[in-house]
Each structure stands twice: as C-alpha cells, then as structure tokens.
Amino acid sequence: MLAVRLPQGLCNLLRLQRGDSLELQLLRSGQLLLTPRPRRSRLALCEALQAAADQR
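Quick note on my numbering: the sequence shown kicks off at -16 and runs consecutively.
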C-alpha cells in the first residue's frame, strides 16, 4: 500500500482528517482524481454492527 501526503491547508479546506478514506480514479487525460469518501458516523457504525449481530 502507498500513501499520499496532502498539504495541511488543503486538508483544512476539505475538512479531511487523518485516517479519512479517499477514492482514487485515473482519468483518460492521465490525471488522478481524489474524492473523499463519506465518513461513517458512530451511530451508523453501531447500527451496522447491531444488524450484523442480529443476523447471527
């Protein structure tokens, strides 16, 4: 796995935090497009864990 470092000012502008996930796409032009993935809220995570436990 490789990591990409972004300038702090850009992270602040985009409200990115350490550990956030980004989607990476290679465009036909050869450019890379980075898109932040939505963060899962703690409530959503708890609900997902509860749903998985209920299925057992």
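Think of the CB as a built atom: it goes at the ideal place given N, C-alpha and C, for glycine as much as any other residue. Please read all numbers here as calculations on a predicted model, not as lab measurements.
Could you pull out every residue in the same chain whose Cβ sits closer than 7 Å to the Cβ of residue i, ignoring the five residues on either side in sequence?
i          : result
residue 4  : 20
residue 16 : 8 and 10
residue 32 : none
Taking the DSSP output, what are the residues bridged to residue i?
i         : result
residue 8 : 16
How many angstroms separate the CA atom of residue i from the CA atom of residue j?
i          : j          : result
residue 62 : residue 39 : No information on residue 62 is available, as it lies outside the stretch -16 to 39 that the chain covers here.
residue 34 : residue 27 : 10 Å
residue -6 : residue 14 : 20 Å
residue 29 : residue 36 : 10 Å
residue -9 : residue 1  : 11 Å
Assuming residue i and residue j are in contact, meaning their beta carbons sit under 8 Å apart, how far apart are those beta carbons, in whole angstroms?
i          : j           : result
residue -1 : residue -15 : About 17 Å; that fails the 8 Å criterion.
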